[in-house]
Amino acid sequence: MKVLVINCGSSSIKFQLLEMETEQLLVKGQIERIGMDGSRLKLQGKQEYVIEVKHTIPDHRTGIQLLLDSLTDTNYGVIDSLSEIDCIGHRVVHGGEKFTEAVVITDEVIKTISSCIMIAPLHNPVNLEGIKICLELFPQVVQVAVFDTAFHQTLPETAYLYGLPYELYIKYGIRRYGFHGISHQYVTNTLAQKMGRPLEELKIITCHLGNGASVDAVKYGRSIDTSMGFTPLEGLIMGTRSGEIDPAIIPFIMEQEDMTGKQVYRYLNSKSGILGLSGLSSDFRDLESAARFGDTRAQLAIDVFAYQVKKYIGSYVVSMGGLDAIVFTAGLGENSPYMRAKICDGLEVIGAKIDLRKNEIRGEDAQVNKDDSDVELWTILTNEELMIARETKRLFEQYG
Ligand code: AMP
403 MKVLVINCGS SSIKFQLLEM ETEQLLVKGQ IERIGMDGSR LKLQGKQEYV
453 IEVKHTIPDH RTGIQLLLDS LTDTNYGVID SLSEIDCIGH RVVHGGEKFT
503 EAVVITDEVI KTISSCIMIA PLHNPVNLEG IKICLELFPQ VVQVAVFDTA
553 FHQTLPETAY LYGLPYELYI KYGIRRYGFH GISHQYVTNT LAQKMGRPLE
603 ELKIITCHLG NGASVDAVKY GRSIDTSMGF TPLEGLIMGT RSGEIDPAII
653 PFIMEQEDMT GKQVYRYLNS KSGILGLSGL SSDFRDLESA ARFGDTRAQL
703 AIDVFAYQVK KYIGSYVVSM GGLDAIVFTA GLGENSPYMR AKICDGLEVI
753 GAKIDLRKNE IRGEDAQVNK DDSDVELWTI LTNEELMIAR ETKRLFEQYG
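Sequential numbering from 403 applies to the sequence shown in the working numbering.
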């Protein structure tokens, strides 16, 4: 059974084709710079192919057509005919309160995803566009929407409500939703398998540390609190995002820097975080190497980030009433022994002891705690596309 996974961003489309009997990746690829100069399709199968498209890919429709053509290309294609695709899974960023799990896409589902556009104006429109194009091209194929927010719909009111007038929640749905849910769920499931224990018994903290970063408390398989909020701007400081700040800072910056609300919003999203603090880069690799050469602001940005992750871990231990394991995942979490060690420094008070020798690994699933640690520490490679494909297969078999 072949599942095509599609993840439409504003100027990119990521995709994977998987053979789900064996969960084998047949090909993955990315279309970049849609609507801009230098757009291209990059494909990676058993070998790496990079195809530079000379003409601009003006829109997502052209991009999707191009990726479909690439799947059956006589030189580097991996299937003979598009009819071999059994179902399609779409990543959708925001499912609001309407979607608590993945769903087969129907007209009703499309209407409901559209109704979430008000709270996710940057992401949902382009996700919907991808869905509509694929429905037109594959009217007979089962298509599934998998939401970044759905995993967090188990948060209790006490964790998702803000200290705002309750009417704003009722009127506009202003509350904590949380994101990266597909990744948090994937690593949670994988961890339980690796620990050889049922998920329903485990209290886990998952740290998705990439360019965007969030921490999640998963108690007995259910997300009960998470650091991102109404939007992915809340929580930890990130590559370019500020994370949580005192809201009074916003009108202060508007006045002092003569900015509009929209300008401050962009500033908090794209000029802040470790980039803003270090004045150097949004990439932790750059900061780690600059800090080694004595750049104090790079070191400061790293220290602030690690401190914030540690703070969330501490608070979630209390929220869950205990802790069995911490997982590190995504670009930084999977690849930076330095950052993992820094975050874990001091966690002995909650029974988590990192083994610095075992921790010296990059890009693999591994247990990195000392033998006498009460809390297990793991790095697990996230695979959001595989999670989407699994959900798509599950629904196809249930309702297809
Ligand atoms: P992601 O958003 O999951 O792709 O993660 C991207 C981020 O991971 C980059 O911006 C880097 O900051 C970080 N990263 C990736 N590899 C490494 C590494 N070897 N050492 C430190 N940070 C890394």
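Just so it is clear, CB atoms sit at the ideal spot from N, CA and C, and this is done for glycine as well. These figures come from a predicted structure and were not determined experimentally.
When only Cα atoms are considered, residue 754 and residue 626 end up about 21 Å apart. Scanning 461, 443 and 421 for the CA closest to the CA of residue 437 turns up 461. Judged by pairs of C-beta atoms under 8 Å, the region 534-554 touches the region 486-505, as three or more such pairs exist. Collapsing the DSSP output to three states places residue 582 in coil. Here the distance from the Cβ of residue 734 to the nearest heavy atom of the ligand AMP is below 7 Å.
Under the three-state reduction of DSSP, residue 621 is assigned to strand. Assignment of residue 462 by DSSP, reduced to helix, strand and coil, places it in the helix class. Your pair residue 601 and residue 591 checks out as a contact, with CB atoms roughly 7 Å apart and the cut at 8 Å.
Put simply, the region 780-787 does not touch the region 468-479. Fewer than three CB pairs are less than 8 Å apart. In this structure residue 583 does not touch residue 557 by the C-beta definition: roughly 11 Å separates them, more than the 8 Å allowed.
Taking C-beta atoms as the reference points, residue 674 and residue 644 count as a pair closer than 8 Å. Within the region 515-580, the runs of beta strand (DSSP E) at least 3 residues long that lie entirely inside it are, in chain order, 544-549.
Counting only residues of its own chain and dropping the five nearest sequence neighbours on each side, residue 487 has a CB closer than 6 Å to the CB of 404 and 406. Within a 10 Å sphere around the beta-carbon of residue 718 sit 16 or more other beta-carbons, which makes this residue buried. For the ligand AMP, a non-hydrogen atom lies closer than 7 Å to the CB of residue 686. Shown here, residue 764 sits in coil according to DSSP, grouped into three states, outside any helix or strand.
Excluding the 5 residues flanking it on each side, residue 507 has same chain C-beta neighbours closer than 8 Å at 492, 533, 537, 545, 546 and 547, in chain order.
In this structure, the alpha-carbon of residue 709 lies about 29 Å from that of residue 664. Taking C-beta separations shorter than 6 Å and ignoring five residues to either side along the sequence, the partners of residue 531 in its chain run 462, following chain order.
By the 16-neighbour rule on beta-carbons within 10 angstroms, residue 696 is exposed. Taking residue 577 as the centre and dropping the five residues before and after it, the same chain places the C-beta of 562, 563, 564, 571 and 632 closer than 7 Å to its C-beta, in chain order.
When only Cα atoms are considered, residue 623 and residue 597 end up about 14 Å apart. Using a C-beta cut-off of 8 Å, the region 735-749 makes no contact with the region 786-795, since fewer than three inter-stretch Cβ pairs fall below that distance. With a threshold of 16 other beta carbon atoms within 10 Å, residue 523 falls short and is exposed. For residue 615, the beta-bridge partners assigned by DSSP are 611. Taking a 10 Å sphere around the C-beta of residue 662, we find fewer than 16 other C-beta atoms and assign the residue as exposed.
By the Cβ rule, the region 758-778 does not count as touching the region 635-644, because fewer than three pairs are nearer than 8 Å.
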